[in-house]
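Written out below as structure tokens is the structure these notes cover.
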Amino acid sequence: SRPQPSASASGTPSPAPEPDTAAYRRILPVPVSARAAAAAFRIGPDTRIHVRAEEGTGEAETDRAARVGDHLAGVLRPSTGYRLPLDRSPDPDGIVLSLEKGRDGATAGLGAEGYRLTVTERAVTIRAARAAGLFHGVQTLRQLLPPAAEEDRRVPGPWTVPGGEVVDRPRYGYRGAMLDVARHFFTPARVRRYIDQLALYKVNHLHLHLTDDQGWRIAVDSRPELTVKGASTSVGGGKGGYYTKAQYRALVRYAADRHITVVPEIDMPGHTTAALASYPELNCDGTAPPVYTGTQVGFSSLCVGRSSTYDFVDDVVREVAELTPGRYLHIGGDEADATTPADYAAFMERAQRIVRDHGKTVVAWHQLAAADPAEGAVVQYWGPAGRDAEQTAAAARSGTRLILSPADHAYLDAKYDPGTKLGVTWMGNVEVRRAYDWDPAKLLPGAPASSVTGVEAPLWSETIRTGDDIEYMAFPRLTAVAEIGWSPASSHDWESFRERLAAQAPRWKVLGIDYHRSPQVPWA
Ligand code: TNX
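Heads up, the sequence shown is in UniProt numbering, so the first residue is 46 and it goes up one at a time.
As structure tokens, then:
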């Protein structure tokens with residue numbers, strides 16, 4: 046039957062449009078299910094955002110839901126020029142963000158991050174059990190709107206959300222991106238911009254690689270030299286930088302408002318020249334080396350046999366743990382080639398204990414699997430082409446959980462092709478298709494599928510200096526890893542992905558995101 050003419054929310058009759066299936070087919074990451082319907086909601090000057098919580102919802106969660114409403118309004122007010130006021134009214138019309146536990150209702154089975162988004166001519170309704178789900182639903186809503194909705198200045202509408210329904214929840218609980226702020230330092234403003242970009246694709250962890258040979262980037266009150274000497278430079282000898290505790294706390298809060306948990310990394314016992322240069326007692330010979338501005342790896346080590354080393358680790362971990370509301374604290378442990386295997390095992394055992402004593406869960410690079418991962422520890426696998434796969438799988442069979450960052454798929458510092466100006470090649474070239482063509486459940490033969498807690502796309506910054514550099518290397522590959530972490534395995538399909546990716550480009554243009562125009566993608 047033909048769609049009937051109908052009244053819009055503002056009361057003006059308008060013909061019901063044909064279902065806009067294209068809009069529902071280009072959502073990225075692809076949702077569990079999406080279907081278009083013959084209706085559309087028009088956001089207008091009188092549209093209101095109603096934020097509701099089922100009775101019995103805690104105050105903190107209700108506040109978080111309200112902040113999701115603020116976030117949506119923050120996206121839409123500048124471009125639409127509408128007031129879009131927030132309220133708690135039970136009015137079913139308008140934009141509705143609704144927290145519902147839904148044991149047998151609309152949010153049943155959607156978990157802590159899932160959502161159900163329904164668009165009729167009277168309302169856009171997002172239902173979720175938790176505020177995180179509402180937030181992810183809002184990201185989907187943004188993709189259903191025209192790219193101009195992302196403008197930061199007033200532009201002409203109409204602001205039509207095509208009718209339909211999306212039911213969605215993530216495949217993995219951990220969907221991460223890592224930014225190396227040690228090799229080159231990135232200001233809080235730059236990191237906030239990356240956080241905004243991660244949120245668009247439902248990434249929920251930001252791992253900050255805070256320390257390395259070339260720089261120490263986080264204030265530690267009990268060890269002030271770290272941010273005097275240790276932070277003084279970067280790769281190539283340029284100026285360094287660090288986050289004060291206030292800046293870092295503000296970053297953590299900014300990320301939390303976008304449902305992103307910051308995972309701080311203090312890399313030990315290798316990758317530590319910045320610390321060794323700051324405190325002579327961390328060196329076995331008691332002599333501080335000069336600061337380092339090259340790009341070699343695997344040559345530095347904290348002195349494993351000295352008790353002053355563990356006083357240092359305790360000071361740093363205690364203060365970083367205090368800055369960290371999230372459960373994870375990453376202790377690196379990669380490429381400790383200047384540490385003997387026995388010393389490495391001894392050091393990692395003590396470091397893991399210190400992290401536990403300060404109430405956090407250890408994450409470490411997969412080299413920890415060769416030593417003895419503590420109970421509950423998570424290892425981050427980065428081997429390209431199956432390197433150290435069996436050792437990592439064995440740890441997984443013994444209960445260690447895995448974050449997967451295979452360098453030959455997920456490393457954002459890999460050159461796309463031989464002509465890429467930035468980046469490195471030790472893992473080969475990684476074009477978009479390669480970033481997309483892998484399955485976390487099959488990457489490590491012999492690792493139980495349940496050991497995989499998620500995926501992460503690391504961006505090492507030896508060759509990355511500017512904000513544009515970050516965007517060029519992250520976009521579009523970041524979205525491939527984000528989809529692998531979020532979307533059901535059964536939806537994995539390169540043809541579909543490249544089409545949906547192409548549809549993101551107009552949005553990136555509006556957002557000023559400088560991306561790699563991969564020849565593998567049919568950009569509009
Ligand atoms: C290896 S993979 C490293 C980093 C480098 C990166 C460059 C890993 C855990 N460590 O120290 O920055 O390669 O791609």
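Don't be surprised by glycine CBs; every beta carbon is placed ideally from N, CA and C.
Going by DSSP, what residues sit across from residue i in a beta bridge?
{"i": "Q425", "result": "W410, I448"}
{"i": "K284", "result": "T278"}
{"i": "D132", "result": "H95"}
{"i": "F86", "result": "V206"}
{"i": "P62", "result": "Paired residue(s): none; P62 is not in a bridge."}
{"i": "I171", "result": "L142, L162"}
{"i": "V497", "result": "L447"}
Taking the beta strand (DSSP E) that residue i falls in, what are its first and last residues?
{"i": "R220", "result": "219 to 225"}
{"i": "L253", "result": "250 to 254"}
{"i": "E310", "result": "306 to 313"}
{"i": "T524", "result": "Element bounds for T524: not the beta strand (DSSP E) but the alpha helix (DSSP H), 522 to 531."}
Identify which residue in the options has its Cα closest to the Cα of residue i.
{"i": "T92", "options": "T107, H537, V141, P76", "result": "V141"}
{"i": "V423", "options": "L449, R432, G431, P429", "result": "L449"}
{"i": "A173", "options": "T165, G182, E166", "result": "G182"}
{"i": "G444", "options": "P493, A459, H454", "result": "P493"}
{"i": "S267", "options": "D356, D330, R216", "result": "D356"}
{"i": "E364", "options": "S134, K405, D514, A455", "result": "K405"}
{"i": "I240", "options": "I558, R562, P564", "result": "I558"}
{"i": "T170", "options": "P207, G156, G154", "result": "P207"}
{"i": "residue 581", "options": "N328, M223, R148", "result": "Residue 581 is absent from the structure shown; the chain starts at 46 and stops at 569."}
{"i": "K460", "options": "Q425, G431, W505", "result": "W505"}
{"i": "V336", "options": "L546, V358, S279", "result": "S279"}
{"i": "T384", "options": "L347, A151, G156", "result": "L347"}
{"i": "D65", "options": "F231, C329, A85", "result": "A85"}
{"i": "A177", "options": "V164, A157, E166", "result": "A157"}
{"i": "Q292", "options": "D433, I263, A387", "result": "I263"}
{"i": "G159", "options": "P215, A319, A439, M393", "result": "P215"}
Quick check on residue i: does DSSP put it in helix, strand or coil?
{"i": "P370", "result": "coil"}
{"i": "H375", "result": "strand"}
{"i": "P50", "result": "Low local confidence applies: a pLDDT of 43 at P50 is under 50, so the model's placement there is unreliable, with the coordinate-based value given in what follows. Strand at P50."}
{"i": "D257", "result": "strand"}
{"i": "G182", "result": "helix"}
{"i": "V342", "result": "coil"}
{"i": "residue 575", "result": "This structure cannot settle anything about residue 575, because the visible part of the chain is limited to 46 through 569."}
{"i": "L556", "result": "helix"}
{"i": "D213", "result": "strand"}
{"i": "I263", "result": "strand"}
{"i": "P503", "result": "strand"}
{"i": "T385", "result": "coil"}
{"i": "A81", "result": "strand"}
{"i": "T470", "result": "coil"}
{"i": "A455", "result": "helix"}
{"i": "G512", "result": "helix"}
{"i": "D417", "result": "coil"}
{"i": "S535", "result": "helix"}
{"i": "V200", "result": "coil"}
{"i": "E100", "result": "coil"}
Quick one: give me the first and last residue of the alpha helix (DSSP H) that residue i is part of.
{"i": "P123", "result": "104 to 125"}
{"i": "G147", "result": "From DSSP, G147 is part of no alpha helix (DSSP H); its letter is neither H nor E."}
{"i": "L296", "result": "290 to 302"}
{"i": "F542", "result": "539 to 547"}
{"i": "R351", "result": "No alpha helix (DSSP H) contains R351, which DSSP labels as neither H nor E."}
{"i": "A233", "result": "In the sequence under discussion, the amino acid at residue 233 is Pro, which differs from the Ala named in the question. Looking at the DSSP string, the run of the alpha helix (DSSP H) that includes P233 is 233 to 245."}
{"i": "E270", "result": "Run containing E270: none; DSSP gives neither H nor E here."}
So that I know if they touch, is there some Cβ in chain C lying closer than 8 Å to that of residue i?
{"i": "T318", "result": "Here there is only one protein chain, and chain C is not present."}
Mind the definition here: the stretch 72 to 81 touches the stretch 205 to 213 only if three or more C-beta pairs lie below 8 Å; say whether that holds.
-> yes
Touching or not, the stretch 522 to 535 and the stretch 485 to 503, by the rule of three or more beta carbon pairs under 8 Å?
-> yes
Taking contact to mean at least 3 C-beta pairs separated by less than 8 Å, is the stretch 283 to 295 in contact with the stretch 393 to 403?
-> no
Decide yes or no for the touch test of the stretch 259 to 279 against the stretch 539 to 554: beta carbon pairs closer than 8 Å, at least 3 of them.
-> no
Touch check for the stretch 299 to 309 and the stretch 361 to 379: three-plus C-beta pairs under 8 Å?
-> yes
Would the stretch 128 to 137 and the stretch 190 to 207 be scored as touching if the rule is three or more Cβ pairs under 8 Å?
-> no
Taking 8 Å as the threshold, find out whether the stretch 257 to 265 comes into contact with the stretch 218 to 233 through three or more Cβ pairs.
-> yes
Tell me, please, whether the stretch 183 to 203 touches the stretch 461 to 476 by the rule of three or more beta-carbon pairs shorter than 8 Å.
-> no
Could you tell me whether the stretch 541 to 548 touches the stretch 234 to 251, using the rule of 3 or more Cβ pairs below 8 Å?
-> no
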